[in-house]
Amino acid sequence: MADWDLLLTDAHIATMRRGAANYGAIEDGAIAIAGGSIAWVGESARMPNRTAARTRSLAGQWLTPALIDCHTHLVFGGDRSAEFEQRLHGASYEGIARAGGGILSTVRATRAASADELFDSARVRLGMLARDGVATVEIKSGYGLDLDNEMKMLQVARRLGDASDLTVRTSLLAAHTVPPEFTTNADAYIALVCDDLIPAVAKHGLADAVDAYCETIAFNTEQVSRVFAAAKSSGLPVKLHADQLSDSGGAELAARFAALSADHLEYASNSGVQAMGKAGTAAVLLPGAFLTLQETQQPPIDELRRLDVPIAIASDCNPGTSPLCSVREAMALACRLFRLTPEECLAGATREAALALGLDGDRGTLEVGKRADVAIWDIMHPRELSYWLGIRPLAGLLIAGLDVSLN
Ligand code: NIG
Ligand code: FE
79 MADWDLLLTD
89 AHIATMRRGA
99 ANYGAIEDGA
109 IAIAGGSIAW
119 VGESARMPNR
129 TAARTRSLAG
139 QWLTPALIDC
149 HTHLVFGGDR
159 SAEFEQRLHG
169 ASYEGIARAG
179 GGILSTVRAT
189 RAASADELFD
199 SARVRLGMLA
209 RDGVATVEIK
219 SGYGLDLDNE
229 MKMLQVARRL
239 GDASDLTVRT
249 SLLAAHTVPP
259 EFTTNADAYI
269 ALVCDDLIPA
279 VAKHGLADAV
289 DAYCETIAFN
299 TEQVSRVFAA
309 AKSSGLPVKL
319 HADQLSDSGG
329 AELAARFAAL
339 SADHLEYASN
349 SGVQAMGKAG
359 TAAVLLPGAF
369 LTLQETQQPP
379 IDELRRLDVP
389 IAIASDCNPG
399 TSPLCSVREA
409 MALACRLFRL
419 TPEECLAGAT
429 REAALALGLD
439 GDRGTLEVGK
449 RADVAIWDIM
459 HPRELSYWLG
469 IRPLAGLLIA
479 GLDVSLN
């Protein structure tokens, strides 16, 4: 029997190893895969003398860790192109939301859709993410806002994971906005989320984390605290849509509950970022939403960098604020809109995104022992992954060492 299942040779490798300079790059390298994991990685000239069942020469293509999209709302009914148009005629996101549109219009469409309809439409979007290099994707609920419909969304997300080679991680986002049945009593809805939805979802193993939206048009810090306390009692980690439209104290709150991540963060205060740094909470930046909402307030990039807060980048794929189905294009946007470097963006969609999902022990870099989730690119340098717009440089995708069909 051969020592290795697969040997990839004649490649350049951006390992994205933490602490390494210059993409952790290895020119003229090789990766050996055994049992779905990376068994060896390094310069070809230093390769140990072992046997491989299969060898594949990559003729100078680049390998990176497969991309990880750590924040999406991939499962939803309907679309919101009409609101997109209304905003371009002068309406605001908050104004549309307060008038019963926005997230609530997707709630109506999602409640009306069958599980099969939701599955079919989300599967198309999942395929698009994979064709741009994604092997792991997080999917939130949050357009059901009652027990049956939140469970329906999470079951669809789990089914998507079962039916594809990609890893799907799910987050319960029942505290996304106040549902119509509770318009005058948000606290009663929060009680339902804490007492019924979180325990039920935890019992059925439907969620890997609990998320919430802390904002003037959604829930305040006190309400989110109750949700997070309930999540912790059910043994689920938390994450937060924080400080997207205003400084709502979201970053501090996320840090107080040792959240995996605080996401958006355009209006986060310096003290919030400091608290995240101390708590080890990752920042997830979402340039697709920033662009679509024509936001002008930059997230606190310098403070995040100064305090070494891990910065992840995600698509935020959703019908309202980010109809974007590519984390690679999110990287390209983050360079242009936030002036992140291409290396920060690639780290943000691999190593730091793994951290934001609590999966950093297992994936996100090309190192011995990690899962062999590898993207193969037709490029001359990894900076090009943040450079091109509208083209697909992906040449191949391996998940746990196996080729994924990209048709
Ligand atoms: O990440 N900010 C809240 N949630 C989503 C938007 C969802 C929607 O508008 O449907 C976001 O931007
Ligand atoms: Fe979101």
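Just so we're aligned, residue 79 is where the sequence shown starts under the working numbering, counting upward by one.
By construction, the Cβ of each residue, glycine as well, lies at the ideal position given by its N, Cα and C atoms.
Let me check understanding here. Comparing Cα to Cα, which of P377, G426, L331 and S312 lies closest to E344? P377
Which same chain residues end up closer than 7 Å to A200 when comparing Cβ atoms and leaving out the 5 residues on each side of it in sequence? If you ignore the 5 residues before and after A200, its C-beta comes within less than 7 Å of the C-beta of L152, V153, V234 and L238, all in its own chain and listed in chain order.
Just confirm the distance between the C-beta atoms of A360 and L433, as a whole number of angstroms; I'd bet it's less than 8 Å. 5 Å
Any non-hydrogen atom of the ligand FE closer than 7 Å to D286 Cβ: no
Can you name the start and end residues of the alpha helix (DSSP H) that T501 belongs to? Any property of residue 501 remains undetermined from this structure, which presents the chain solely from 79 to 485.
Start-to-end residues for the beta strand (DSSP E) that takes in C272: C272 -> no beta strand (DSSP E), and no H or E assigned at all.
Can you tell me where the alpha helix (DSSP H) holding A432 begins and where it ends? R429 to A434
For the ligand FE, is there a heavy atom less than 7 Å away from the beta-carbon of D147? no
DSSP state of P143 mapped onto helix, strand, coil: Note: P143 maps to strand in three-state DSSP.
The ligand FE heavy atom lying under 7 Å from the CB of D321: no
Indicate, with yes or no, if the ligand NIG has a heavy atom lying under 7 Å from the CB of S400. Yes; taking the cut-off as 7 Å, the Cβ of S400 has a heavy atom of the ligand NIG nearer than that.
Range covered by the alpha helix (DSSP H) that runs through V246: From DSSP, V246 is part of no alpha helix (DSSP H) but of the beta strand (DSSP E) over T245 to A253.
With 16 as the cutoff for other CB atoms within 10 Å, does W487 come out buried or exposed? Absent from the model: residue 487. The displayed extent of the chain is 79 to 485, so no value can be given.
Please return the same chain residues whose Cβ sits closer than 8 Å to the Cβ of D265, not counting the five positions on each side in sequence. Q301
On the three-pair Cβ rule with 8 Å, is the segment 384 to 397 touching the segment 107 to 124? no
Check for me: the beta strand (DSSP E) holding K317 runs from which residue to which? In the DSSP annotation of this structure, the continuous segment of the beta strand (DSSP E) that includes K317 starts and ends at V316 to A320.
Using a threshold of 7 Å, is the CB atom of H282 nearer than that to any non-hydrogen atom of the ligand FE? no
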